Each structure stands twice: as structure tokens, then as C-alpha cells.
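Visitor: Can you read through this structure? Questions will come right after.
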Amino acid sequence: MTKIIELKNATVQVNNGLDDAKTILDDVTLTIYEHDFLTILGGNGAGKSTLFNVIAGTLPLTEGSITVMGEDVTFMTAQKRAKYISRVFQDPKMGTAPRMTVAENLLIAKYRGEKRRLISRRIQDHKEEFQRMIAKIGNGLENHLETPAGLLSGGQRQALSLLMATIKRPELLLLDEHTAALDPKTSAALMNLTEKFIKDDHLTALMITHRMEDALKYGNRLLVMKDGCIIQDLAADKKSEMTISDYYGLFE
Numbered sequence: 001m002t003k004i005i006e007l008k009n010a011t012v013q014v015n016n017g018l019d020d021a022k023t024i025l026d027d028v029t030l031t032i033y034e035h036d037f038l039t040i041l042g043g044n045g046a047g048k049s050t051l052f053n054v055i056a057g058t059l060p061l062t063e064g065s066i067t068v069m070g071e072d073v074t075f076m077t078a079q080k081r082a083k084y085i086s087r088v089f090q091d092p093k094m095g096t097a098p099r100m101t102v103a104e105n106l107l108i109a110k111y112r113g114e115k116r117r118l119i120s121r122r123i124q125d126h127k128e129e130f131q132r133m134i135a136k137i138g139n140g141l142e143n144h145l146e147t148p149a150g151l152l153s154g155g156q157r158q159a160l161s162l163l164m165a166t167i168k169r170p171e172l173l174l175l176d177e178h179t180a181a182l183d184p185k186t187s188a189a190l191m192n193l194t195e196k197f198i199k200d201d202h203l204t205a206l207m208i209t210h211r212m213e214d215a216l217k218y219g220n221r222l223l224v225m226k227d228g229c230i231i232q233d234l235a236a237d238k239k240s241e242m243t244i245s246d247y248y249g250l251f252e
């Protein structure tokens, strides 16, 4: 199996202001293989977001290493890692440019990770393609190609963020509690859309969730984190045997 991401002894320490370093990611070794869909559970301060930030390149390692597709990216900036990795955030406002239209946001995403040059991108040439894309979403977004993203509903904006994150097929899709700010019905619709994107495009994905039901239903691997460590890494067969009660038991 192809290794997409490999962390070896990944450690992050931060100074708490009292001349005492606190470890927020503790000697984590993890391999993510092609077509894995991992869900991550853990309480506040467990290290979930730290793990995401380390992979994305927005937080440097204190010790250890990280490779993407066999390339050592330990000291590579987040901007350069963007050619491999895309991310959907918890806050619907973070993944899109609010004053730009849906079409303009998609055009930015289409060139993610590429060198930017001061030439016209001729957005008119892409509008038919973008209209076909948003027609697949099914939440009314198809009527808003020329609407500024800031005027969309939260569910529409997250769906746009997901589309932007996958328009150029990433090696790894990071889903950072991307349904947490939505109501239950909208959240369920977005999770169904997420699963469809992952399956149809054969993506590799890593998803943080606090919803036990989503951790049970989605993905082929489950990571449980506590105190900056991965304390469980359950494969599909073990995961399928578990109930919600079993999941709660993992934290005891």
C-alpha cells in the first residue's frame, strides 16, 4: 500500500510562560495509507488540532519528522505543502473569501499550490465547468454561482469549502470538525456529501469529529487521542464491531 503521510516520533512542545515546556503532541508515529479515511476522537486538549496543524505545516515539530508521498516535508512551509494537502475548517467563514463570488472562489481553488502570476485567469472560460460542479451539491448552491460567498448559508458555504478543497484532487484531505457549526440536518447532509466525494474521487482523508455517531459510521480507521498521544488505532474490522457505548469506554 502507498504511504501518503508518515509521522515518526512527532513531538511538539510549547512554552507556557513559566519557563516550563508543555508537550502537546507526544512522540506520535502514524502512517496514513492511500484511500484511508480516518476519523479522530479525543477530548479537549487531546492533541487533535495539533496533529492537523503539524501535518498541514502551520505548526513546526519540536522533534521528529513528517513525509508526504515519501518526500520529507518536516521543514516545508504550509504554502508549499498545499500542493499535497487541502483542509476544510470548522468555521464556515475560514475556507472561503466572503467578498468573492462562488465562481471566483472556485477559480482560486482550481490553481491551489501553483505559482501565481499577474495574468488574467479568464473566469468566463470556467463558469460552465463550475456550474456543473455546484449542480452536484444539491443544497441550492447551483443558484449562486455569482453570489458572494459571505451571503451563503453556513451549509452552502461549507459545501463550497469542501468543493474547493477537492477541486484539485489532494493527496490528503483534512476535515477539521467541518460539520460542528451546523445544525443536525445540515450536518448530516454535509457528511453524506463528504463521503460521496471521498468515495467517488478515491480520496485519502483525516477527519476530526466530536460526534460519536459519525465516528462509528464513517471511515475505515479510528484514532483515539489523549494527552497528545494516539492511544487507539482501530482498523475497519474492529471499528465495525463497536457501539456508541464502546466508544465512550475508550475515554475511561
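Note that full-length UniProt numbering has the sequence shown beginning at 1, numbered continuously upward. For every residue, glycine included, the Cβ atom is placed at its ideal position computed from N, Cα and C. This structure is a prediction, so every number in the text was calculated from the model and none was measured.
Given this structure, state the Cα-to-Cα distance separating proline 60 from glycine 140, to the nearest angstrom.
Guide: Position 60 of the sequence shown, counted from the first residue, corresponds to residue 60. Position 140 of the sequence shown, counted from the first residue, corresponds to residue 140. Taking the straight line from one Cα to the other gives about 40 Å.
Visitor: Classify leucine 151 as helix, strand or coil using the three-state DSSP reduction.
Guide: Counted from its first residue, the sequence shown places residue 151 at position 151. Of the three classes helix, strand and coil, the one that applies to leucine 151 here is helix, per DSSP.
Visitor: Does DSSP put aspartate 91 in a helix, a strand or coil?
Guide: Sequence index remark: in the sequence shown, residue 91 carries index 91 (1-based). If DSSP states are grouped into helix, strand and coil, aspartate 91 belongs with coil.
Visitor: Use the C-beta contact count for histidine 178: other C-beta atoms within 10 angstroms, 16 or more gives buried, fewer gives exposed.
Guide: Within the sequence shown, residue 178 is the residue found at index 178, counting from 1. Buried.
Visitor: Reducing DSSP to helix, strand and coil, say where valine 54 ends up.
Guide: Mapped onto the sequence shown, residue 54 falls at position 54. In the structure shown, valine 54 sits in a helix (DSSP, three-state: H, G or I).
Visitor: In this structure, does DSSP put phenylalanine 75 in helix, strand or coil?
Guide: Mapped onto the sequence shown, residue 75 falls at position 75. DSSP places phenylalanine 75 in coil when its eight states are reduced to three.
Visitor: What are the start and end residues of each continuous alpha helix (DSSP H) run of 4 or more residues lying completely inside the segment 22 to 69, in chain order?
Guide: 48 to 56
Visitor: Looking at C-alpha atoms only, which residue of Asn9, Val54 and Ile230 is the closest neighbour of threonine 39?
Guide: As a working note, residue 39 is residue 39 in the sequence shown. When each option's Cα is compared against that of threonine 39, the closest is Ile230.
Visitor: Taking 8 Å as the threshold (C-beta atoms), are leucine 175 and valine 102 in contact?
Guide: Start at 1 with the first residue of the sequence shown, and residue 102 comes out as number 102. Start at 1 with the first residue of the sequence shown, and residue 175 comes out as number 175. It is not a contact, given that the beta carbons lie outside the stated cut-off.
Visitor: Going by CA-CA distance only, name the one from Glu128, Ile134, Ala181 and Thr166 that's closest to threonine 209.
Guide: In the sequence shown, the residue the question calls residue 209 occupies position 209. Nearest C-alpha to threonine 209: Ala181.
Visitor: Could you work out which residue in Val28, Glu71, Met69 and Glu34 is closest to phenylalanine 52 when comparing CA atoms only?
Guide: Here residue 52 corresponds to residue number 52 of the sequence shown, with the count starting at 1. Measuring from the Cα of phenylalanine 52, the nearest candidate turns out to be Val28.
Visitor: In three-state terms, what does DSSP make of arginine 221?
Guide: By 1-based counting over the sequence shown, the position of residue 221 is 221. Three-state DSSP puts arginine 221 in a strand.
Visitor: Regarding proline 98 and the ligand PLP, is the C-beta to nearest heavy atom distance less than 7 Å?
Guide: With respect to small molecules bound, the structure shown includes none, and the ligand PLP cannot be examined in it.
Visitor: With DSSP collapsed to three states, give me the class of threonine 11.
Guide: The count along the sequence shown starts at 1 and reaches residue 11 at position 11. Note: threonine 11 maps to strand in three-state DSSP.
Visitor: I'd like to check one pair, glutamine 156 with leucine 145: are the Cβ atoms closer than 8 Å?
Guide: Within the sequence shown, numbered from 1, the residue matching residue 145 stands at position 145. Within the sequence shown, numbered from 1, the residue matching residue 156 stands at position 156. Against a cut-off of 8 Å, the Cβ pair of glutamine 156 and leucine 145 comes out as no contact.
Visitor: Looking only at DSSP bridge pairs, what is alanine 205 linked to?
Guide: Taking the first residue of the sequence shown as position 1, residue 205 is located at position 205. Per DSSP, Phe37 and Leu173.
Visitor: Let me confirm a value: isoleucine 119 is counted as buried when at least 16 other C-beta atoms fall within 10 Å, else exposed. Which label applies?
Guide: As a working mapping, residue 119 is identified with position 119 in the sequence shown. Summary for isoleucine 119: the model assigns pLDDT 44, below 50, so the residue's position carries little reliability; its value from the coordinates is reported in the next sentence. Classification of isoleucine 119: exposed, given that the 10 Å Cβ count is below 16.
Visitor: Distance, Cα to Cα, methionine 76 vs leucine 41?
Guide: By one-based count along the sequence shown, residue 76 stands at place 76. By one-based count along the sequence shown, residue 41 stands at place 41. Roughly 27 Å between the two C-alpha positions.
Visitor: State the Cα-Cα distance for the pair isoleucine 108 and isoleucine 167, rounded to the nearest angstrom.
Guide: As a first step, residue 108 must be located in the sequence shown, where it is residue number 108. As a first step, residue 167 must be located in the sequence shown, where it is residue number 167. Each residue's alpha carbon lies about 10 Å from the other.
Visitor: Taking all protein chains shown into account, do 16 or more other C-beta atoms lie within 10 angstroms of the C-beta of residue 253, making it buried, or fewer, making it exposed?
Guide: The displayed coordinates of the chain run from 1 to 252. Any statement about residue 253 would go beyond what the structure contains.
Visitor: Considering only DSSP beta bridges, list what lysine 226 is partnered with.
Guide: Along the sequence shown, one-based indexing puts residue 226 at 226. Looking at the DSSP assignment, lysine 226 forms a beta bridge with Cys229.
Visitor: Can you tell which of Pro148, Glu104, Ile4 and Arg112 has the C-alpha that lies nearest to the C-alpha of lysine 127?
Guide: Locating residue 127 in the sequence shown gives position 127, where the first residue counts as 1. It is Glu104 whose Cα lies nearest to the Cα of lysine 127.
Visitor: Would you say methionine 207 faces chain D, with C-beta separation under 8 Å as the test?
Guide: No chain D appears in the structure shown, which is made up of a single protein chain.
Visitor: Return the chain-ordered list of same chain residues with a C-beta closer than 6 Å to the C-beta of threonine 2, the five sequence neighbours on each side being excluded.
Guide: Here residue 2 corresponds to residue number 2 of the sequence shown, with the count starting at 1. Around threonine 2: Glu34.
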